[in-house]
Amino acid sequence: MRMWAIMAAALLVCGGAHAQSAACLAPAAPGEGPVAIRDAKFVVYETTVPGAGPQSRQTIVQLQACATLSGSATTYVLSYKPVLFSADGHLLQGGSLVSGLKVPADDPLKGGPAHALINETFSVGYALDHAKLPRTVMVTALVAGTCIPQGAGCAPLPGDTPVRTVTVPVCLADGSFPPPSECPAGAAK
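Under the working numbering, the residue at position 120 of the sequence shown is numbered 168, and the numbers go up by one with no gaps.
Take a look at the structure:
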């Protein structure tokens with residue numbers, strides 16, 4: 049069972065890197081701003097807790113999502129931090145802050161929209177009842193803008209650039225929620 053979960057996670061991560069679903073590639077909706085998070089999926093499995101013995105169990109939640117950036121730039125800068133809450137609203141774990149990610153436009157010669165793959169692994173630290181898995185993921189510190197080259201990366205965005213927190217729906221990669229008709233393409237196993 050654990051091996052299947054690891055293989056499914058690898059397929060989910062690799063598949064997303066090669067082809068984005070139609071939901072990710074759709075144009076930004078009014079009010080989404082310069083960056084939107086779409087196509088969020090979880091792969092969930094149990095493993096032992098490192099250093100705690102073979103009987104210890106913890107839940108691992110791997111997140112994959114798509115950040116869609118709109119504008120006319122040839123390169124963008126993106127920052128975000130995913131946060132995982134349980135279905136009943138308890139904080140399970142904060143993710144890694146990704147700051148100043150350089151994202152080239154889909155057509156860097158002409159500029160325009162861009163897409164970036166978001167990957168995060170949350171180690172909950174104990175075995176979590178799967179009924180308590182969240183149906184959403186919160187993304188904090190979400191900010192994007194035009195990249196002003198600085199060294200190998202981008203200069204920090206101006207201090208008055210709007211920073212947002214968004215909560216987006218998530219599909220479980222095994223198709224158990226929500227119903228497959230409500231999940232973006234590629235979310236089911």
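Backbone N, C-alpha and C define an ideal beta-carbon position, used for all residues, glycine too.
*If we count the other Cβ atoms within 10 Å of its Cβ and call it buried at 16 or more, is THR169 buried or exposed?*
exposed
_Limits of the unbroken beta strand (DSSP E) element including GLY142_ = Here the beta strand (DSSP E) through GLY142 covers 139 to 142.
*GLY148 and PRO204 look like a contact to me (Cβ under 8 angstroms); what is the Cβ gap, rounded to whole Å?*
7 angstroms
*Uninterrupted beta strand (DSSP E) stretches inside the segment 134 to 204 (no shorter than 3 residues)*: Taking only runs of at least 3 residues, the beta strand (DSSP E) segments lying wholly in the segment 134 to 204 are 139 to 142, 146 to 152, 162 to 171 and 184 to 194.
*Got a sec, what are the start and stop residues for the beta strand (DSSP E) ALA45 sits in?*
Only positions 49 to 237 of the chain appear in the structure, and residue 45 is not among them; the question remains open.
*For the putative contact between GLY172 and THR107, defined by C-beta atoms under 8 angstroms, what is the C-beta separation to the nearest angstrom?*
With the sequence shown as reference, residue 172 is identified as Val, and Gly is not the correct amino acid for it. 4 angstroms between Cβ atoms; contact.
*Would you report the Cα separation of ALA121 and ALA221, rounded to the nearest angstrom?*
If I take the Cα positions, the gap works out to 33 angstroms.
*Thinking just about the alpha-carbon of each residue, which of ARG105, ARG86, ALA100 and ALA88 is nearest to the one in GLU94?*
Taking GLU94 as reference, the option from ARG105, ARG86, ALA100 and ALA88 with the minimal CA-CA separation is ARG105.
*Please classify TYR128: is it buried, with 16 or more other beta-carbons within 10 angstroms of its beta-carbon, or exposed?*
buried
*When the distance is taken between beta carbons, is PRO156 closer than 9 angstroms to GLY142?*
no
_Let me confirm a value: THR96 is counted as buried when at least 16 other C-beta atoms fall within 10 Å, else exposed. Which label applies?_
exposed
*Endpoints, beta strand (DSSP E) assigned at GLN112*: First-last of the beta strand (DSSP E) with GLN112: 106 to 117.
*Distance CB(VAL91)-CB(ALA115) smaller than 9 angstroms*: For VAL91 and ALA115, no; Cβs fall outside 9 angstroms.
*Do you know offhand how far SER134's Cα is from GLN103's?*
24 angstroms
*Grab the span of the beta strand (DSSP E) containing THR213 for me, first residue to last.*
212 to 220
_Between the CA atoms of GLY119 and PRO217 - distance to the nearest angstrom_ = 24 angstroms
*Is it right to say ARG86 is buried, meaning 16 or more other beta carbons lie within 10 angstroms of its own, or is it exposed?*
buried
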